[in-house]
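Everything on this sheet refers to the single structure shown next.
Numbering (our numbering), first residue to last: 756 to 1210.
Shown next, in the form of structure tokens:
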């Protein structure tokens, strides 16, 4: 069996923990990231070389780094890059076309940002789904444990071998409807699928011809994607098809789609507070408290308090779904905190913004052993580097030299330069940028080890 893991997405409802450049599927909310947990589930059914991951250019190196952490040998060419986000139907179709190049096969599709407790039912239900896949696109419906307004629902219809035909899909209901759905045997829509690529492609040709034709017309992938609709696999295909089945999955499942959902899966203290980080809690109950710094909570109830280095979120648990509105406002005013943390991860390491204003920015740069930044230049800023740990190999203009701890170099605006770690331990450098324009888009890459040269 082949597996497709959908690892794009921005996770706006878990801001400020989740940002566009480091979304929830890559954050280690528990012991491992949700993406890594999804990889473990895929490995139950697929060999590493049969796992395909759909993501975007900004998150490609997070995917590769977290795969490397787990020592799973997934071929780099199996990481499929979407030039722009177009929702789940284009993402799945693009991956299916790649897989079908070597012949049709059974494929399972996993969202990368869900929590699932594996049990014996999980594996046996997948076997039932495989039996149905010669005729149907199979969805996995979760047996609800309570009325939930944050999930879509599936109504099972006619009973078939090991499952049911899908009678209809229903969007997120209100509380009254959710209770009614559970009484009538509806299931939560998990977003997981299993199908034969032949049937999936045939149904797309019949019901999603706009997507099929865009790929058949050929051309550059970026051009193809620019012509695609932004459409989910549910709305664009499954709701229209009469070849969709559902199998019932009885597991603990959570899509971690809000802080209230995160609260549900976290361990609680005796007062039902879910706590992660450095917190002192007095006379408080039923809260989610998540802090990188010392957080003292006194007399709080039913609140979400999330403290990161550059932003604090405080809201009632019942309003957790509204967090994405904060991200929308930040984007509208051009605030970078919608997109990135103070720590930004790169294929060569990371950087942390320590301080900034209109005319200068101070960063701590960490370069991993044997890695180097691109050979680059900036039009609008100069840079001053001070090595605080390790040894740096530096290029400024046509000169190359080594810098050790306590030594520094100056990079004038308009001069090509490169920072490299030739050593075996992480290199740490303090960088001071000075100029009238300090945005990250003021960069011209001349050479790059990670395929990031501008076309």
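Glycine is no exception: its CB is placed at the ideal position from the N, C-alpha and C atoms.
### Task
Could you check what DSSP says for residue 1139 in three-state terms: helix, strand or coil?
In the chain shown, the residue the question calls residue 1139 occupies position 384. Of the three classes helix, strand and coil, the one that applies to residue 1139 here is strand, per DSSP.
### Query
Whole-angstrom Cβ separation of residue 987 and residue 969, contact assumed at under 8 Å?
Stepping through the chain shown from its first residue, residue 987 is reached at position 232. Stepping through the chain shown from its first residue, residue 969 is reached at position 214. That belief does not hold up - the Cβ atoms of residue 987 and residue 969 are roughly 17 Å apart, past 8 Å.
### Message
Just to confirm before moving on: does the CB-CB distance between residue 1173 and residue 1128 stay below 8 Å?
### Response
Within the chain shown, numbered from 1, the residue matching residue 1173 stands at position 418. Within the chain shown, numbered from 1, the residue matching residue 1128 stands at position 373. The Cβ atoms of residue 1173 and residue 1128 sit closer than 8 Å to each other.
### Query
According to the Cβ coordinates, are residue 1145 and residue 1104 closer than 8 Å?
Along the chain shown, one-based indexing puts residue 1145 at 390. Along the chain shown, one-based indexing puts residue 1104 at 349. Contact flag unset, no.
### Task
Could you check which residue in 910, 929, 1183 has the C-alpha nearest to that of residue 920?
By 1-based counting over the chain shown, the position of residue 920 is 165. Ranking the options by Cα distance to residue 920, first place goes to 910.
### Message
So, for residue 1120: in the same chain, excluding its five sequence neighbours on each side, which residues have a beta-carbon less than 6 Å away from its beta-carbon?
### Response
Residue numbering aside, residue 1120 sits at position 365 when the chain shown is read from its first letter. Within the same chain, Cβ atoms closer than 6 Å to the Cβ of residue 1120 are found at 1106, 1184, 1186, the five residues on either side in sequence being excluded.
### Task
Quickly, what does DSSP pair residue 921 with across the bridge? List them, please.
Within the chain shown, the letter at position 166 stands for residue 921. Partner(s): 911.
### Message
For a test of the three-state rule: what should DSSP assign to residue 790, helix, strand or coil?
### Response
The count along the chain shown starts at 1 and reaches residue 790 at position 35. Looking at residue 790 - three-state DSSP - the assignment turns out to be helix.
### Task
Note down, in chain order, each residue of its chain lying with its Cβ closer than 8 Å to the Cβ of residue 1049, except the 5 sequence neighbours on either side.
Against the chain shown, residue 1049 aligns to sequence position 294. Here the set comprises 1033, 1034, 1035.
### Task
Can you say whether residue 1161 is buried or exposed, counting buried as having 16 or more other CB atoms within 10 angstroms of its CB?
In the chain shown, the residue the question calls residue 1161 occupies position 406. So residue 1161 counts as exposed.
### Message
Taking 6 Å as the limit between beta carbons, can you name the residues of its chain near residue 1095, skipping five residues before and five after?
### Response
Mapped onto the chain shown, residue 1095 falls at position 340. Same-chain partners within the cutoff: 774, 776.
### Enclosing alpha helix (DSSP H) for residue 1159 [first to last residue]
Within the chain shown, residue 1159 is the residue found at index 404, counting from 1. From DSSP, residue 1159 is part of no alpha helix (DSSP H); its letter is neither H nor E.
### Message
Helix, strand or coil for residue 929? Go by DSSP, reduced to three states.
### Response
The count along the chain shown starts at 1 and reaches residue 929 at position 174. In this structure, residue 929 counts as coil in the three-state DSSP scheme.
#### Entry: Contact check, residue 758 vs residue 820, beta carbons under 8 Å
Taking the first residue of the chain shown as 1, we reach residue 758 at position 3. Taking the first residue of the chain shown as 1, we reach residue 820 at position 65. No. Outside cutoff.
### Task
Could you have a look at residue 944 and say whether DSSP puts it in helix, strand or coil?
Sequence index remark: in the chain shown, residue 944 carries index 189 (1-based). Here residue 944 sits in strand by DSSP.
### Query
Sorted by chain position, which residues of the same chain lie with C-beta nearer than 6 Å to residue 1190's C-beta, five sequence neighbours on each side aside?
By 1-based counting over the chain shown, the position of residue 1190 is 435. Counting only Cβ-Cβ distances below 6 Å, and skipping sequence neighbours, we find 1135, 1136.
### Task
Between the Cα of residue 1122 and those of 763, 1175, 963, spot the shortest distance and give me the residue it belongs to.
As a working note, residue 1122 is residue 367 in the chain shown. When only C-alpha atoms are compared, the closest one is 1175.
### Query
Apart from the five residues on each side of it in sequence, which residues of its chain come closer than 7 Å, Cβ to Cβ, to residue 846?
Translated into the one-based positions of the chain shown, residue 846 becomes position 91. Exclusion of the five residues before and after residue 846 leaves 761, 763, 809, 837 as the residues of its chain whose Cβ lies within less than 7 Å of its Cβ.
### Query
Are there 16 or more other CB atoms within 10 angstroms of the CB of residue 876, so buried, or fewer, so exposed?
Working through the chain shown from its first residue, we reach residue 876 at position 121. The residue in question, residue 876, is exposed, as its Cβ has fewer than 16 Cβ neighbours within 10 Å.
### Task
Confirm, please, whether the CB-CB distance from residue 1016 to residue 1007 is below 8 Å.
As a position in the chain shown, residue 1007 is number 252, starting the count at 1. As a position in the chain shown, residue 1016 is number 261, starting the count at 1. Cβ atoms of residue 1007 and residue 1016: not closer than 8 Å.
### Query
For residue 1113, is the classification buried or exposed, using 16 other Cβ atoms within 10 angstroms of its Cβ as the cut-off for buried?
Translated into the one-based positions of the chain shown, residue 1113 becomes position 358. Answer is exposed; the Cβ neighbour count stays below 16.
### Message
Give me, in chain order, the residues of the same chain whose beta-carbon lies closer than 8 Å to that of residue 780; leave out the 5 immediate sequence neighbours on both sides.
### Response
Counted from its first residue, the chain shown places residue 780 at position 25. 762, 764, 766, 788, 789, 790, 793, 867, 868, listed in sequence order.
### Query
Less than 8 Å separating the beta-carbons of residue 905 and residue 927?
Translated into positions along the chain shown, residue 905 becomes position 150. Translated into positions along the chain shown, residue 927 becomes position 172. It is a contact, given that the beta carbons lie within the stated cut-off.
### Message
Let me make sure I understand the geometry here. Which of 1029, 1141, 1087 has the alpha-carbon closest to that of residue 1157?
### Response
As a position in the chain shown, residue 1157 is number 402, starting the count at 1. Minimum Cα distance to residue 1157 is reached at 1141.
### Task
Could you check if residue 873 is buried or exposed, using at least 16 other CB atoms within 10 Å of its CB as the buried criterion?
Translated into positions along the chain shown, residue 873 becomes position 118. Counting of Cβ neighbours within 10 angstroms places residue 873 among the exposed residues, the total staying below 16.
### Whole runs of the alpha helix (DSSP H) within the stretch 943-983, excluding any shorter than 4 residues
952-962, 964-971, 976-981
#### Entry: Given residue 991 as reference, the closest of 958, 1023, 813 once Cα atoms are compared
Walking along the chain shown from the start, residue 991 turns up at place 236. When only C-alpha atoms are compared, the closest one is 958.
### Query
What is the C-beta distance between residue 870 and residue 1004, in whole angstroms, given that I count them as a contact (C-beta under 8 Å)?
Indexing the chain shown from 1 puts residue 870 at position 115. Indexing the chain shown from 1 puts residue 1004 at position 249. In fact, because the Cβ distance is near 13 Å, the residues do not count as touching under 8 Å.
### Query
Leaving out the 5 sequence neighbours to the left and right, which residues in its chain are closer than 7 Å to residue 782 when beta-carbon positions are compared?
Your numbering for residue 782 matches position 27 in the chain shown. Same-chain partners within the cutoff: 772, 773, 788.
### Message
Using 8 Å for Cβ pairs, my map puts residue 949 next to residue 1025. What's the rounded Cβ distance?
### Response
Locating residue 949 in the chain shown gives position 194, where the first residue counts as 1. Locating residue 1025 in the chain shown gives position 270, where the first residue counts as 1. The pair is not a contact, with the Cβ atoms about 42 Å apart (cut-off 8 Å).
### Task
Using beta-carbon positions only, say whether residue 946 and residue 1002 come within less than 8 Å of one another.
As a first step, residue 946 must be located in the chain shown, where it is residue number 191. As a first step, residue 1002 must be located in the chain shown, where it is residue number 247. It is not a contact, given that the beta carbons lie outside the stated cut-off.
#### Entry: Cα-Cα separation, residue 1039 to residue 1053
If you number the chain shown from 1, residue 1039 lands on position 284. If you number the chain shown from 1, residue 1053 lands on position 298. C-alpha separation (whole angstroms): 6 Å.
### Task
Just mark residue 1083 as buried or exposed, buried being the case when its beta carbon has 16 or more other beta carbons within 10 Å.
What you label residue 1083 is simply residue 328 of the chain shown in a count that begins at 1. It is exposed - the Cβ of residue 1083 has fewer than 16 other Cβ atoms within 10 Å.
### Message
For a quick check, are the C-beta atoms of residue 980 and residue 841 less than 8 Å apart?
### Response
If you number the chain shown from 1, residue 980 lands on position 225. If you number the chain shown from 1, residue 841 lands on position 86. In this structure, the beta-carbon distance from residue 980 to residue 841 falls below 8 Å.
#### Entry: Nonlocal neighbours in the same chain, by C-beta distance under 7 Å from residue 977, ignoring five residues either side
By 1-based counting over the chain shown, the position of residue 977 is 222. So the list reads 838, once near-sequence residues are dropped.
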